[in-house]
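Peer 1:
Numbering (full-length UniProt numbering), first residue to last: 1 to 651.
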């Protein structure tokens, strides 16, 4: 072929190998201009800009009106929040939309128009951008005074569509929905039947003193349904049954039957069905990723084999090792893998590689790096050799763990003794003295380990870096304490300044020493297995966590639009409505005992996410029409999502 053709084949091979490294599909344009654009789009800079844009547009909810820029969420003490002027956050939004428009345009061009019309995610991406831009224009036309902003609910989609793993997870969840719907329908039937029984059992009587169960929980159909729904979550157990049980012990049979059928049977049946449907998810995901990698490597072999004239009667295709070395020089990949592949090529005696040999070379991508620690220094002195053996021995590390435990116990004892004392009544001499001792020991331990292992080998262990950093921080804070408050002495009470005094900072940093005990886990086989499983779970939970963020965000924004300003401080003209708990659509009180929770408000995004939805994830319901919102959240988070998490853990 011509020189231009050869250059094209080389560039195609480079892109296919990079696709294999990142588990990407090779189904995209492969002409010279498209290859340049493709590599530019997937470069670290472009992907970093796209990730930053997604982060910024999601973070806008914290500063948009209603703003989260207040110290406290308590409406009684909260000062008026700073709200950005109209046009400020909208300008940032527009810049983000422009980045997303470039993103969707490049993606659509690279996969080709035929594939574009088949790609539902890209179609949804464009539709989301159109709706968001339309809502953005409407918002500006109203001078940012409208409360309902549809584009804010759609923002999590930008995070969702940018992650292939989240898309796979969502597809797996979608396949479980029919089975989950059948169990949820069974739960609804269970609730409905027992609601009818409850309304027949706990009817109003002539004796008003005996109507506590009816008055509190089963006064009408909505209240009865809500009471039993909350009992299904165990959030109001045993409060809901106490009035009836006080009247007649036989009423306990009703609540026992409801709990056994609902909690012990149906809820666990839901977990089993979800696990059965979700089983094999991780295995399929890994198989799909490995298949993409093999396909990318094979595609690179095919195009590189076109660089040489192959005889018509040849049984196999071959790739020149020189051509592969030329490609590897331009491929962006981990330096360790690249060096290993180049080393294998140089030790290979053949000038040509078959498809099997080519594929085997790139198996290095599937291997984990084995970290080699620098060697310890070699001392000539017999005394230094003994010192090196003693302080480099694992038992010396165990001694450090014992000392750290003693440090933590001493801090806990002093904190318990001083818990009820005023700052002016405390005598911090004892804690100050033992802190001096422990910090000196940590410093001595660090120096002796460096002496035994050498600085490079010492720093090559993450646990040593953590211990060393803690020791340096503690030493600096201790010196600063002595400079400000002088040395500890009887009656020594350092002045409490601001949120945390310097003395309190020293005690808090001391608590970090508890992490030293994590180093004993590899030495215990069963604990090491459990921890390894948990670490693998965290790696595979990123897609789950991402989708959970999407759900949290959408519900939080919806809650702000529905319930903003619902919780008001006492003394306000609406406080009577608030205390009486939810006789209006717009009033929300997150408590069953009708006590006002002034922090659980929907006035801004941070309070909504950090308090309300996290609080409701463990289930605490509310009143009237607002119940629809919270029941929907409970079904998605506590019922479906928690069971999906259990299924993933079992898998």
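By construction, the Cβ of each residue, glycine as well, lies at the ideal position given by its N, Cα and C atoms.
Mapping DSSP to helix, strand and coil, what is residue 354?
Peer 2: As a position in the chain shown, residue 354 is number 354, starting the count at 1. Coil at residue 354, not helix or strand.
Peer 1: List the residues that DSSP assigns as beta-bridge partners of residue 319.
Peer 2: The count along the chain shown starts at 1 and reaches residue 319 at position 319. DSSP, once it has assigned bridges, lists 353 as partnering residue 319.
Peer 1: Going by other Cβ atoms of all chains shown within 10 Å of its Cβ, with 16 needed for buried, is residue 241 buried or exposed?
Peer 2: Counting from one through the chain shown, the residue named residue 241 turns up at place 241. So residue 241 ends up on the buried side.
Peer 1: Quick one: using the 10 Å Cβ neighbour count with 16 as the cut-off for buried, is residue 595 buried or exposed?
Peer 2: Numbered from its first residue, the chain shown carries residue 595 at position 595. Because residue 595 sits at a pLDDT of 41, beneath the cut-off of 50, its placement in the model cannot be relied upon, and the point is left open.
Peer 1: Identify, in the order they occur along the chain, each residue of the same chain with its Cβ nearer than 7 Å to the Cβ of residue 636, setting aside the five sequence neighbours on each side.
Peer 2: Reading the chain shown from its first residue, position 636 is the one you call residue 636. Within the same chain, residue 636 has close Cβ partners 551.
Peer 1: Quick check on residue 525: does DSSP put it in helix, strand or coil?
Peer 2: For the purposes of this step, residue 525 is taken as the residue at position 525 of the chain shown. Of the three classes helix, strand and coil, the one that applies to residue 525 here is helix, per DSSP.
Peer 1: Please state whether the Cβ-Cβ distance between residue 553 and residue 155 is less than 8 Å.
Peer 2: For the purposes of this step, residue 553 is taken as residue 553 along the chain shown, with counting starting at 1. For the purposes of this step, residue 155 is taken as residue 155 along the chain shown, with counting starting at 1. Cβ distance < 8 Å, so residue 553 and residue 155 count as in contact.
Peer 1: Can you give the Cα-Cα distance for residue 417 and residue 410, rounded to whole angstroms?
Peer 2: One-based indexing of the chain shown puts residue 417 at position 417. One-based indexing of the chain shown puts residue 410 at position 410. Whole-angstrom Cα-Cα distance: 11 Å.
Peer 1: Just how far apart, CA to CA, sit residue 548 and residue 216?
Peer 2: Residue numbering aside, residue 548 sits at position 548 when the chain shown is read from its first letter. Residue numbering aside, residue 216 sits at position 216 when the chain shown is read from its first letter. Using only the alpha carbons, I get a separation of about 35 Å.
Peer 1: So residue 214 is in the alpha helix (DSSP H); what residue range does that whole segment cover?
Peer 2: Looking up residue 214 in the chain shown gives position 214. Where residue 214 is concerned, the enclosing alpha helix (DSSP H) stretches over 212-216.
Peer 1: What would DSSP say about residue 393, mapped onto helix, strand or coil?
Peer 2: Here residue 393 is taken as the residue at index 393 of the chain shown, counted from 1. Correct three-state label for residue 393: coil.
Peer 1: Tell me which residues share the same chain as residue 641 and place their Cβ nearer than 6 Å to its Cβ, disregarding the 5 neighbours each side in the sequence.
Peer 2: For the purposes of this step, residue 641 is identified with residue 641 of the chain shown, where counting begins at 1. Cβ within range, chain order: n/a, list empty.
Peer 1: On the three-state DSSP scale, how would you describe residue 45?
Peer 2: For the purposes of this step, residue 45 is taken as residue 45 along the chain shown, with counting starting at 1. Helix, per DSSP.
Peer 1: How many angstroms separate the CA atom of residue 620 from the CA atom of residue 644?
Peer 2: Taking the first residue of the chain shown as 1, we reach residue 620 at position 620. Taking the first residue of the chain shown as 1, we reach residue 644 at position 644. With a pLDDT of 45 at residue 620, under the threshold of 50, the predicted position of this residue should be treated as unreliable, and no value is reported.
Peer 1: Who are the Cβ neighbours of residue 464 in its own chain at under 6 Å, not counting the five residues just before and after it?
Peer 2: Taking the chain shown and counting its residues from 1, the one referred to as residue 464 is at position 464. Only 458 meet the Cβ criterion.
Peer 1: Assign residue 196 to buried or exposed, taking buried as 16 or more other Cβ atoms, counted over all protein chains shown, within 10 Å of its Cβ.
Peer 2: Position 196 of the chain shown, counted from the start, is the residue given in the question as residue 196. Classification for residue 196: exposed.
Peer 1: Does the beta-carbon distance from residue 60 to residue 111 come in below 8 Å?
Peer 2: Here residue 60 is taken as the residue at index 60 of the chain shown, counted from 1. Here residue 111 is taken as the residue at index 111 of the chain shown, counted from 1. No, Cβ-Cβ distance for residue 60 and residue 111 is not below 8 Å.
Peer 1: Would you mind sorting residue 452 into buried or exposed? The rule is 16 or more other CB atoms within 10 Å of its CB.
Peer 2: Locating residue 452 in the chain shown gives position 452, where the first residue counts as 1. Flag for residue 452 reads buried.
Peer 1: Here's a check: name, in chain order, each residue in its chain whose Cβ is nearer than 6 Å to the Cβ of residue 78, leaving out the five neighbours to either side.
Peer 2: Looking up residue 78 in the chain shown gives position 78. For residue 78, where only same-chain residues beyond five positions count, the Cβ hits under 6 Å are 70, 72.
Peer 1: Do residue 561 and residue 147 count as a contact pair if the criterion is CB distance below 8 Å?
Peer 2: Counting from 1 along the chain shown, the entry for residue 147 is found at position 147. Counting from 1 along the chain shown, the entry for residue 561 is found at position 561. In this structure, residue 561 lies closer than 8 Å to residue 147 by Cβ.
Peer 1: For residue 176, is the classification buried or exposed, using 16 other Cβ atoms within 10 angstroms of its Cβ as the cut-off for buried?
Peer 2: By 1-based counting over the chain shown, the position of residue 176 is 176. With 16 or more other Cβ atoms within 10 Å, it is buried.
Peer 1: With a CB to CB cut of under 7 Å and the five nearest residues on each side skipped, what residues in its chain are close to residue 419?
Peer 2: Stepping through the chain shown from its first residue, residue 419 is reached at position 419. If we look at residue 419 and ignore the five residues flanking it on each side, it has no Cβ neighbours.
Peer 1: So is residue 538 buried or exposed if we call it buried at 16+ other beta carbons inside 10 Å?
Peer 2: Walking along the chain shown from the start, residue 538 turns up at place 538. So residue 538 ends up on the exposed side.
Peer 1: How many Å lie between residue 403 and residue 445 at the Cα?
Peer 2: Translated into the one-based positions of the chain shown, residue 403 becomes position 403. Translated into the one-based positions of the chain shown, residue 445 becomes position 445. Near 11 Å, if we compare the C-alpha coordinates of residue 445 and residue 403.
Peer 1: Of the choices 29, 399, 631, 303, whose alpha-carbon is the least far from that of residue 355?
Peer 2: Within the chain shown, residue 355 is the residue found at index 355, counting from 1. Here the closest residue by C-alpha is 303.
Peer 1: Taking all protein chains shown into account, decide if residue 422 is buried (16 or more other Cβ within 10 angstroms of its Cβ) or exposed.
Peer 2: In the chain shown, the residue the question calls residue 422 occupies position 422. When all chains shown are included, residue 422 counts as exposed.
Peer 1: Output the distance between the C-alpha atoms of residue 476 and residue 10, rounded to the nearest integer angstrom.
Peer 2: Taking the chain shown and counting its residues from 1, one reaches residue 476 at position 476. Taking the chain shown and counting its residues from 1, one reaches residue 10 at position 10. Rounded to the nearest angstrom, the two C-alpha atoms are 56 Å apart.
Peer 1: At 4 residues or longer, and completely inside the stretch 431-476: list those alpha helix (DSSP H) runs for me, N to C.
Peer 2: With a minimum length of 4 residues, the continuous alpha helix (DSSP H) runs that stay inside the stretch 431-476 are 455-459.
Peer 1: Where does residue 635 fall in DSSP's three states?
Peer 2: Taking the chain shown and counting its residues from 1, the one referred to as residue 635 is at position 635. Residue 635: helix per DSSP, three-state reduction.
Peer 1: Quick test of the definition: if touching needs 3 or more C-beta pairs under 8 Å, does the stretch 316-335 touch the stretch 372-380?
Peer 2: Short answer: they don't touch.
Peer 1: If I measure Cβ to Cβ from residue 253 and keep anything under 7 Å in the same chain, skipping five residues before and after, which residues do I get?
Peer 2: On the chain shown, residue 253 is found 253 positions in, with the first residue counted as 1. No residues qualify anywhere along the chain.
Peer 1: If contacts are defined as beta-carbon pairs under 8 Å, then residue 438 and residue 401 qualify, I think. What distance do you get, rounded to the angstrom?
Peer 2: Here residue 438 refers to the residue found at position 438 when the chain shown is read from its first residue. Here residue 401 refers to the residue found at position 401 when the chain shown is read from its first residue. Not a contact, Cβ separation roughly 13 Å.
Peer 1: Whole angstroms are fine: how far does the CA of residue 140 sit from the CA of residue 543?
Peer 2: In the chain shown, counting from the first residue as 1, residue 543 sits at position 543. In the chain shown, counting from the first residue as 1, residue 140 sits at position 140. Looking at the two C-alpha atoms, the distance is approximately 35 Å.
Peer 1: Rank 321, 360, 365 by C-alpha distance to the C-alpha of residue 335 and give the top, closest one.
Peer 2: Numbered from 1 along the chain shown, position 335 holds the residue referred to as residue 335. Comparing Cα-Cα distances from residue 335 to each of 321, 360, 365, the minimum goes to 365.
Peer 1: Would you kindly work out how many angstroms separate the C-alpha atoms of residue 158 and residue 556, rounded to a whole number?
Peer 2: The sequence position of residue 158 within the chain shown is 158, counting from 1. The sequence position of residue 556 within the chain shown is 556, counting from 1. Each residue's alpha carbon lies about 17 Å from the other.
Peer 1: Would residue 339 be called buried (16 or more neighbouring beta carbons within 10 Å of its own) or exposed?
Peer 2: Within the chain shown, residue 339 is the residue found at index 339, counting from 1. Looking at its Cβ environment, which holds fewer than 16 other Cβ atoms inside 10 Å, residue 339 is exposed.
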